[in-house]
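Numbering (my numbering), first residue to last: 48 to 325.
The C-beta atom is built at its ideal place from N, Cα and C for all residues, glycine as well.
Only one structure is covered here, and it is reproduced in the block below.
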Ligand code: URA
């Protein structure tokens, strides 16, 4: 097979980075250590077969794959809360995240992806987590879905001088897999602290994952989008109005949903105009 085509195929299925020093063949049969059975003593009577104790199934019969890396546990989320709460500025929060060792995603990511845009703008977008291009650049939404988002927002007169943009997860999950619940629980306190430090007038939540994490709602994004809802942010006295929207990556896969996205953009533009007039 053409090696270049094989490499391209690996990249397409998400195997686009090495996360260990050596490849792991998970299909390989593993040799189980053989049990050493001593020969019976010549004088010992042989017990009847029915009375023989049942031995546990041998390790060779199970051929289990190597253990998955342990998931970060809830104590890591509690530590994340303490570390995030101690940050008094965005710069301190970024430094605290960079030094935080409680989330395994940091070990496989190339860069921490903290934010882009204008923290003084009063408008803050929250996405899900970095993809390959964001991981390389250390900036959110610079890949294909970011380019679509930029075009969508340009159509209502917004560019990155007019909003701040960040993600729920600041490190790229390997192979673009979804972050686990534990990883979300660990990253959420940092996002909440980021929002509390920025104190935006309005939030836009891109996609189901960011919407669920920030609002705490279990409803689907298609029922949550289309209207503003107040969200409580720890450390802020007043709730912040948040607009859930469809994620641009979803719109790339589902062009038919662009009608709903357009309705949300119009709502966002009208609200910002109304705020500016008030
Ligand atoms: N998708 C996201 O949610 N965030 C990014 O930064 C890029 C893609």
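Pairwise C-alpha distance: residue j and residue i
i: residue 189; j: residue 179; result: 10 Å
i: residue 126; j: residue 149; result: 8 Å
i: residue 315; j: residue 290; result: 8 Å
i: residue 272; j: residue 293; result: 7 Å
i: residue 233; j: residue 124; result: 4 Å
i: residue 249; j: residue 157; result: 31 Å
i: residue 151; j: residue 324; result: 46 Å
i: residue 139; j: residue 191; result: 30 Å
i: residue 195; j: residue 319; result: 21 Å
i: residue 303; j: residue 134; result: 42 Å
i: residue 168; j: residue 252; result: 16 Å
i: residue 54; j: residue 198; result: 31 Å
i: residue 280; j: residue 266; result: 19 Å
Where residue i sits in the DSSP three-state scheme
i: residue 288; result: strand
i: residue 212; result: strand
i: residue 276; result: strand
i: residue 305; result: helix
i: residue 160; result: coil
i: residue 49; result: coil
i: residue 122; result: helix
i: residue 75; result: coil
i: residue 260; result: helix
i: residue 132; result: helix
i: residue 54; result: helix
i: residue 314; result: helix
Beta carbon of residue i nearer than 8 Å to that of residue j
i: residue 159; j: residue 122; result: no
i: residue 165; j: residue 213; result: no
i: residue 219; j: residue 182; result: yes
i: residue 312; j: residue 203; result: yes
i: residue 215; j: residue 185; result: no
i: residue 131; j: residue 210; result: no
i: residue 155; j: residue 221; result: yes
i: residue 247; j: residue 170; result: yes
i: residue 310; j: residue 173; result: no
i: residue 20; j: residue 235; result: For residue 20 there is no data in the structure shown, the boundaries of the chain being 48 and 325.
i: residue 278; j: residue 301; result: no
i: residue 243; j: residue 193; result: no
Enclosing beta strand (DSSP E) for residue i [first to last residue]
i: residue 253; result: 249-253
Below-8 Å beta-carbon distance, residue i vs any chain C residue
i: residue 227; result: Absent here is chain C; the protein component of the structure consists of one chain.
Endpoints, the alpha helix (DSSP H) within which residue i is located
i: residue 295; result: 295-300
i: residue 144; result: 137-146
i: residue 246; result: Note, residue 246: premise wrong, no alpha helix (DSSP H); not H, not E.
i: residue 270; result: 268-271
i: residue 152; result: 152-155
Identify every run of the beta strand (DSSP E) within the segment 162-234, keeping only runs that are complete inside it and at least 3 residues long; order them along the chain.
Counting only unbroken stretches of 3 or more residues, the beta strand (DSSP E) elements lying wholly within the segment 162-234 are 170-174, 211-214, in sequence order.
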